[in-house]
Every structure is written in structure tokens, then in C-alpha cells.
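Every letter in the sequence shown is one number past the one before it in the numbering used here, and letter 57, counting from 1, is 57. Idealized CB from N, CA, C, for every residue including glycine. Remember, it's a predicted structure, so these values are computed and weren't measured experimentally. Following: one structure in C-alpha cells, then a few remarks.
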Amino acid sequence: MPEDVNTYCATGRMFIQKSIPDLVADLASQREEYNKTVEALKKKLDYVNKSLADAQQGLRDLISAKQQKM
């Protein structure tokens with residue numbers, strides 16, 4: 001796309017005119033931010049899955065201990 005083409009960025013209910021290099025820079029920074037967010041969410045998912053597995057194992061141990069007492 002030529003550099004002199006009018007481009008617009010959506011901001012809420014408005015559109016702001018920006019140059020192509022500014023739009024590309026904004027998109028690159030958003031992508032970087034989203035990548036960091038995805039990595040943080042993956043770490044949280046791993047933690048939650050590990051906590052779930054530990055809780056399930058604890059419940060299994062509790063049930064088996066209760067059954068052995070009977």
C-alpha cells in the first residue's frame with residue numbers, strides 16, 4: 001500500500017486518521033502485548049491444571065482411606 005493513502009484507526013466510536021508507519025507500529029506493540037498476555041495465561045493454565053490434579057489425587061486418597069476403614 002502506498003505511504004500517502006489515508007488510513008484510519010478505530011477508537012471506540014470514532015476513527016482517527018493515522019499514517020501507515022504509525023499504524024504498523026501500533027499493531028506491532030499490540031501484538032507484543034498480546035503475546036505476553038498469552039504466555040501469562042498459559043502459565044496460569046498450567047498452574048490450575050496442576051492444582052486440579054493435586055486436588056483430585058487428594059480426594060482419591062481420602063476416599064480410599066475412608067473405604068479401608070469400613
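- Excluding its 5 nearest sequence neighbours in each direction, arginine 60 has no C-beta neighbour in its own chain below 8 Å.
- Going by DSSP, methionine 70 is part of no beta strand (DSSP E) at all; its letter is neither H nor E.
- Sorting Ile16, Val24, Thr11, Met14 by C-alpha distance to the C-alpha of methionine 1 places Val24 at the top.
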